[in-house]
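Scroll down for the structure; my scribbles are underneath it.
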Amino acid sequence: MSVPDYMQCAEDHQTLLVVVQPVGIVSEENFFKIYKRISSVSQISVRDSQRVLCIRYRHHYPPENNEWGDFQTHRKVVGLITITDCFSAKDWPQTFEKFHVQKEIYGSTLYDSRLFVFGLQGETTEQPRTDVAFYPNYEDCQTVEKRIEDFIESLFIVLESKRLDRATDKSGDKIPLLCVPFEKKDFVGLDTDSSMLLGLKRHYKKRCQGRMRKHVGDLCLQAGMLQDSLVHYHMSVELLRSVNDFLWLGAALEGLCSASVIYHYPGGTGGKTGARRFQSSSLPAEAANRHRPGAQEVLIDPGALTTNGINPDTSAEIGRAKNCLSPEDIIDKYKEAISYYSKYKNAGVIELEACVKAVRVLAIQKRSMEASEFLQNAVYINLRQLSEEEKIQRYSILSELYELIGFHRKSAFFKRVAAMQCVAPSISEPGWRACYKLLLETLPGYSLSLDPEDFSKGTHRGWAAVQMRLLHELVYASRRMGNPALSVRHLSFLLQTMLDFLSDQEKKDVTQSLENYTCKCPGTMELLTLPGGPTLPPVPFTKLPIVRRVKLLNLPASLRPQKMKSLLGQNVSTKSPFIYSPIIAHNRGEERNKKIDFQWVQGDVCEVQLMVYNPMPFELRVENMGLLTSGVEFESLPAALSLPAESGLYPVTLVGVPQTTGTITVNGYHTTVFGVFSDCLLDNLPGVKTSGSTVEVIPALPRLQISTSLPRSAHSLQPSSGDETSTNVSVQLYNGETQQLVIKLENIGMEPLEKLEVTSKILTTKEKLYGDFLSWNLEETLAQFPLQPGKVATFVVNIKVKLDFSCQENLLQDLSDDGISVSGFPLCSPFRQVVRPRVESKPVNPPEGSKPGDPSHVKTLEAILNFKYSGGPGHVEGYYRNLSLGLHVEAEPSVFFTRVSTLPATSRQCHLLLDVFNSTEHELAVRARGNEELTLHAGEYQRMAIQVDKFNFESFPESPGEKGQFANPKQLEEERQEARGLEIDSKLDVHWRIPSLKRTGEASVEGLLNQLVLEHLQLAPLQWDVLVDGQPCDCEAAACRVGDPVCLEVRLTNRSPRSVGPFALTVAPFQDHQNGVHNYDLHDAVSFVGSSTFYLDAVQPAGRSACLGALLFLYTGDFFLHIRFHQDSASKELPPSWFCLPSVHVRALEAQA
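Numbering (the numbering used here) for the sequence shown: 185 to 1337.
Here you go:
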């Protein structure tokens, strides 16, 4: 026997072998359709008996194996079923002849045979025949199973007759010697009746008896008589052991093992392929209780055997003697039998099949190590020169058996050997598809899965070097199969999962191969269906590049949506009446882990930042990298990047545009690397840090872009300002100068701009500003709204720099050190651009801004213009945007007022004296309202006098009602001081201009008016009016004639809240010689009509009083009247500024003729 049956198991020893074969030309589909129905009848119960007959069907069986039927009867073909197509009665004789030819192949062993004819109809089919069944077609053949049962019953009749015939042989009869094929030549010519061979004759007889007992045991086992077979096997073992008939002794031991296995394991040992579930009637009732180690079986005396089996009288002794082998003894007997088989070179197939049977039993017993010893022995059993197909079958079965006992890696090894055998060089047409299929089956044994997610959890399992070799073989096999998509998928899997184990050169080789494959067949994320049916999951390149952090970025400050406060307040108030609740805070904390606390806007570009690095030893080109999102329709804008070799963490920003509103979740990203398209999900990325991946998308808002008439600023605003500006502009102005900033507002979005609010914030707090730094008129701009997409509106802002124009004493000291004459000092040197600090009283390096009067110091002013705008669907939902424009102004000094003083003029007017200093490098002209221009050269100092009307400061409220009773008195005083200064400055209207630069500006005296000056500029509460001949004398000289009396009237108006007076006033005339000498000795020139002293009674608040007198001028000339008060108690109680009387100028003319 040369062809092993690797599917053999111990329970096959009780089966009858039936071969089912086609005759003539029968389609494979039709044949196996009938074969399946035939093989479904694998066991039947024998009538009038508890025995069960088991059938083993084969559609192919080598005739040479049939020659071993006497050695083991389950190898003998006892039944033949043929299937044929015959559509014409003319073909029937020829078809029937073929049936007989087929029977002759197994003719010596056949018990019975059947022929199933399909397609033939007519008279021929009506003839009753037991060995032929006619059916019109393959569908109309309902009686096939019934005919098979009848056929099996006929086999049983023959089997039973043979068993009875052999079992009833008497010892006196001559017993034939059963032989295996290779033994027949050894017994040719042997004369067993010769007296010379008496000893050999006795030995020969025992051999014949032992072999026959073993043969009868086989027949009993096939006939369903398990107990009888055990008895015969035991007797055979004793007889054959005595004559050292090792080959048949091994067969007897194997038969004993098989019968014991059938008893102990009624479910079978063949697994899914060979398991046979027998009916409960096939075994004695106590079989279930004996399925345990050490189970007892009766040892029957041969005399107890009858033609119908064991004598019923001996059934009481069941369980007393050890006849059925225990599970441990079964393995020992298998080892002994195999050792006997190994003595015979021609019994290699028998030995191999015995090893396989023992392994299956050990697998049931879960004795893996002993099973591996049997398998190792089976590997080294030498058979004849096997064909390639037989080698593949052998290695495959070895793999399955190793898998059966739990040796997964060893199983994978033999399956891989079988796969390589499928494409051996000696095969003319290599079976790459079979090779690929077998290689796939080896993956679990090497701890390898084709699902990349299995490699993202925990540490790597298995031997990486072997796994890489196997993956390379899969790539090659799939390419030879003509399936490049599979090659790309396996190569991608190799690169993704084995990246840490590849050397630098291997990485380059694998990526080069992958690029070559993807040129013809790009890698995709689709499921690939394998030839066997299972699917191959996609392999995303999550390590090319490796992502360590994913962060959703907020929109730029100028595009961030903000909720209107009123709406926010309503939303918060509806959630809870409490300011703080720990329950609410906890829920919000959980929500924050999922949703980010900022919003994206529909239609605006949104960004996600990834921190990636390249693990490859060469530059990595990533193409078509974009975002994967869900929840909102999202347009991803793919990017391409190139990462240097083994780069560190590298920031990559991916962008996209949400097209609808709602909650969007960033699930991952997609890439194209080496021609492989990958969808990488964040959930599958190990070690990725993220602050959240879900964000709310609000309705669309307009987008405002601003451009200005001023150049962009290179300066950044103060870091502490906390305001982010989209644009910074700068301008250089002189102190007091005003410039227009023209801002163009362009709607670059897709929604109309409907609402606009403009506010300003001054960041500079060191410098004191006078007046409005920034001013505008928004009505003209709003008239152009709503601003449609693409349209532009104009907005004008006035920038007015008005800082302190005062120059403090430190400057005067520095100018004095330089020899410059100020207020009486000699003027002898030009103005220096940089004022030298005083060594004895100032630090060597004074800090910036420590000298507020330093004319060389350029002041820096910063402010922010905030444009709060909204429109479109976002406006309906209560959202707006805030765009900020940063303004950087460098204020250079223009003019300084170094000193201010006053000179009285009249009771309603005074002269304001200003010492003006030109701190610029250009010629500058200063002019006040109603005065001529005063021109100053660069660095020049001059004094200008301005006649101003006095101010009634009492009209200002002492304590504004809006301040309330808790207002700071000091603050109220400062505000009153500012209001007075602003009033004075508006009346003076001092302007400067630089003709060479064509620049003009204002000059303010607000910061240099002290309390004394303010008192001088203030209308006294006591208003004094002097009238000469009934005419006020505040402006021009009063004219009179020499010798004519001149009426002099002094009036007092009390505007104070108190009563004043009485007062005494003396009038003293004098003449001014214009050289600083005043002549009061005018007794001969001026005469009083009456007294020179005037008396005024007490005047109540808001009351008036007047006193009259007369003078007589005796000579022509200009005379001045000095009116002074008497130093009495009434005048001492009041401040001197209350007694400011206007000077009286009288011009005496010649008398008329």
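Glycine is no exception: its CB is placed at the ideal position from the N, C-alpha and C atoms.
Closest residue to residue i among the options (Cα-Cα distance)
i: residue 575; options: 611, 1157 and 662; result: 611
i: residue 318; options: 358, 338, 1268 and 269; result: 269
i: residue 711; options: 1165, 700, 723 and 1110; result: 723
i: residue 234; options: 408, 321, 1131 and 350; result: 408
i: residue 1397; options: 197, 960, 1066 and 885; result: No answer is possible for residue 1397: it lies beyond the span of the chain, which begins at 185 and ends at 1337.
i: residue 824; options: 853, 847 and 624; result: 853
i: residue 596; options: 569, 650, 918 and 236; result: 650
i: residue 216; options: 322, 1259 and 311; result: 322
i: residue 554; options: 516, 276, 527 and 1115; result: 516
i: residue 263; options: 239, 276 and 249; result: 239
Same chain, Cβ closer than 6 Å to residue i, five either side skipped, listed in chain order
i: residue 260; result: 253 and 293
i: residue 1253; result: 1266, 1270, 1303 and 1305
i: residue 683; result: 727
i: residue 1055; result: 886, 935, 936, 937 and 938
i: residue 976; result: 928 and 930
i: residue 708; result: 861
i: residue 789; result: 839 and 841
Burial state of residue i (16 or more Cβ within 10 Å)
i: residue 1326; result: buried
i: residue 609; result: exposed
i: residue 1257; result: exposed
i: residue 700; result: exposed
i: residue 787; result: buried
i: residue 349; result: exposed
i: residue 846; result: exposed
i: residue 861; result: buried
i: residue 964; result: exposed
i: residue 1289; result: buried
i: residue 341; result: exposed
i: residue 1065; result: buried
i: residue 534; result: buried
i: residue 527; result: exposed
i: residue 559; result: buried
i: residue 188; result: buried
i: residue 826; result: exposed
Residue i and residue j closer than 8 Å at C-beta
i: residue 698; j: residue 662; result: no
i: residue 782; j: residue 732; result: no
i: residue 1324; j: residue 1088; result: yes
i: residue 874; j: residue 725; result: no
i: residue 403; j: residue 279; result: no
i: residue 894; j: residue 913; result: yes
i: residue 536; j: residue 565; result: yes
i: residue 452; j: residue 193; result: yes
i: residue 219; j: residue 247; result: no
i: residue 331; j: residue 315; result: no
i: residue 1076; j: residue 1238; result: no
i: residue 982; j: residue 889; result: no
Same chain, Cβ closer than 7 Å to residue i, neighbours up to 5 away in sequence not counted
i: residue 367; result: none
i: residue 362; result: 254, 395, 396 and 399
i: residue 851; result: 812, 813, 814, 865 and 866
i: residue 1338; result: Any property of residue 1338 remains undetermined from this structure, which presents the chain solely from 185 to 1337.
Beta-carbon proximity list for residue i, same chain, < 8 Å, skipping 5 on both sides
i: residue 952; result: 987, 988 and 1191
i: residue 1220; result: 1329
i: residue 1200; result: 1086, 1088, 1094 and 1321
i: residue 306; result: 273
#### Entry: Unbroken stretches of the alpha helix (DSSP H), 4 residues or longer, contained in the segment 908-956
none
### Task
Please specify which runs of the alpha helix (DSSP H), each continuous and at least 4 residues long, are wholly inside the segment 394-433, giving them in chain order.
410-426
### Query
What runs of the beta strand (DSSP E), each 3 residues or longer, lie entirely inside the segment 1186-1260?
1206-1212, 1222-1225, 1229-1238 and 1247-1256
#### Entry: Continuous alpha helix (DSSP H) assignments of at least 4 residues falling wholly in the segment 573-623
592-606
### Query
Unbroken beta strand (DSSP E) runs of length 3 or more, entirely within the segment 324-356: which are they?
none
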